[in-house]
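The next block holds one structure in the form of structure tokens; read it before the comments.
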Amino acid sequence: ASTDSRLPVSVFCPAGTAAERWCASVAGTERACRSRDIPGTELVKPAFRMAVLASAAFISLLVLLELLDQWFGLNLSRLGVYPRTLRGVPGILAAPLIHGDWLHLISNSFALLVLGTVLYYGYPRTALRLLVLVWLGSGLGVWLFARESFHFGASGLTHGLMFFIFVSGILRHDRLSIALSMIVFFLYGGMVWTIFPTGPGVSFESHFFGAVTGLTGAFLFFGRDPLPPEKHYDWEDEDEPDDSEPPFDRY
Numbered sequence: 028a029s030t031d032s033r034l035p036v037s038v039f040c041p042a043g044t045a046a047e048r049w050c051a052s053v054a055g056t057e058r059a060c061r062s063r064d065i066p067g068t069e070l071v072k073p074a075f076r077m078a079v080l081a082s083a084a085f086i087s088l089l090v091l092l093e094l095l096d097q098w099f100g101l102n103l104s105r106l107g108v109y110p111r112t113l114r115g116v117p118g119i120l121a122a123p124l125i126h127g128d129w130l131h132l133i134s135n136s137f138a139l140l141v142l143g144t145v146l147y148y149g150y151p152r153t154a155l156r157l158l159v160l161v162w163l164g165s166g167l168g169v170w171l172f173a174r175e176s177f178h179f180g181a182s183g184l185t186h187g188l189m190f191f192i193f194v195s196g197i198l199r200h201d202r203l204s205i206a207l208s209m210i211v212f213f214l215y216g217g218m219v220w221t222i223f224p225t226g227p228g229v230s231f232e233s234h235f236f237g238a239v240t241g242l243t244g245a246f247l248f249f250g251r252d253p254l255p256p257e258k259h260y261d262w263e264d265e266d267e268p269d270d271s272e273p274p275f276d277r278y
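Each residue of the sequence shown is one higher than the last, beginning at 28 in my numbering.
So, in structure tokens, the structure goes:
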């Protein structure tokens, strides 16, 4: 979803308007929005590039931690969430950074890259607040209600992002939000089933509470990112012909 079909070939956002504020939130600068001759893709590319870089940076951190864990035998899994114990409290913060093995990390990394990019691109003002909500909310839910075992991994985050993006598309009902919602549901709609028990060794509780906090965030942050400006065509300003007149009087 690297393009926005609502942007015309040339964009001009008058100073002080809602359109300019939306352009600024996506492009990252108000000055770019005031140029009459900037192609729409020039507004989209910087925002998309930053979204990809932010997601890739977080995944790089996860890879680094897994390398350190493997090389030095740190056994970081003990820093996961252990429900209803004091030793499990730090896991609320640490668990999304820890993975059991490379396969576990890789399976979460692709989802984090896609969903993180969509989040930062489509909802730049909401992204950080939503991540904090899902990170802490899912960890706290696991600590309070999950089975007695170490719970770790970023799958709570991925479920929270997917549910937020999907529900936001339904609530906001603008073209970009709907497009992003359809994309993530097509790719990761199967997450709807993984919030239920699927088998031993899988923390469905992390999935469930991640989904709950993502769904909550869609309602809490509904109006934080302004809706994009609607296209306006010249022909919309033309007067409707009077049907009571004979046809030859119109020409």
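By construction, the Cβ of each residue, glycine as well, lies at the ideal position given by its N, Cα and C atoms.
Asked	Found
Touching by the beta-carbon criterion (3+ pairs, under 8 Å), the segment 88–103 and the segment 153–164	no
With 16 other Cβ atoms within 10 Å as the buried cut-off, status of glycine 237	buried
At least three beta-carbon pairs within less than 8 Å, the segment 159–166 to the segment 125–133	no
Of the residues Leu80, His234, Ser204, the one placed nearest glycine 168, counting alpha carbons only	His234
Under 7 Å between C-beta atoms of isoleucine 222 and valine 145	no
Check whether glutamate 232 and alanine 181 have beta carbons under 7 Å apart	no
Counted within 10 angstroms of its Cβ, other Cβ atoms place leucine 142 as buried (16 or more) or exposed	buried
Whole-angstrom distance between alanine 206 and aspartate 244, CA atom to CA atom	For the sequence presented, residue 244 should be read as glycine rather than aspartate. So the two alpha carbons sit approximately 19 Å from each other.
Opening and closing residue of the alpha helix (DSSP H) in which serine 134 lies	129–149
Under the three-state DSSP convention, the category histidine 178 falls into	strand
Under the three-state DSSP convention, the category valine 219 falls into	helix
Which of helix, strand or coil DSSP assigns to valine 194	helix
Same chain only: Cβ atoms within 6 Å of phenylalanine 249, ignoring 5 sequence neighbours per side	Leu198
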